[in-house]
Each structure stands twice: as structure tokens, then as C-alpha cells.
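Quick note on the UniProt record's numbering: the sequence shown kicks off at 1 and runs consecutively. Positions of the beta carbon are idealized from the N, C-alpha and C atoms, including for glycine. Below is one structure, written out as C-alpha cells, with a few remarks after it.
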Amino acid sequence: MRIIVYGSLRRKQGNSHWMTNAQWLGDHQIEGFELYSLGHYPGV
């Protein structure tokens with residue numbers, strides 16, 4: 001299964017230990033979407 005993570009789940013961030021068994025495939029940006037601050041959580 002492939003997933004995209006952001007924030008503290010990214011490599012070398014505070015919660016990256018949850019991704020220890022994951023295989024990093026690289027950085028990626030999805031065209032046509034923007035990340036917005038909605039307070040405690042972001043929105044797309």
C-alpha cells in the first residue's frame with residue numbers, strides 16, 4: 001500500500017518512528033491541491 005504523509009510523520013520529524021517499517025519512495029507534490037491551516041489540523 002502506498003501512502004503520502006505530511007508533518008510530523010515525515011522523515012526525521014517528531015513522529016517518524018511510526019514509519020520505521022515503511023519504505024521511503026521519495027518526495028512528491030500533487031498538482032492542483034494546496035495544504036491549508038485549519039487550526040490544529042491541515043486541510044486540502
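query                                                                     : result
Per-residue DSSP class, three states only, for Gly7                       : helix
Identity of the residue in Ser37, Trp24, Gln29, Leu35 nearest Lys12 by Cα : Trp24
Alpha-carbon to alpha-carbon, Ile30 and Gly43                             : 14 Å
C-beta atoms of Leu35 and Met19 nearer than 7 Å                           : no
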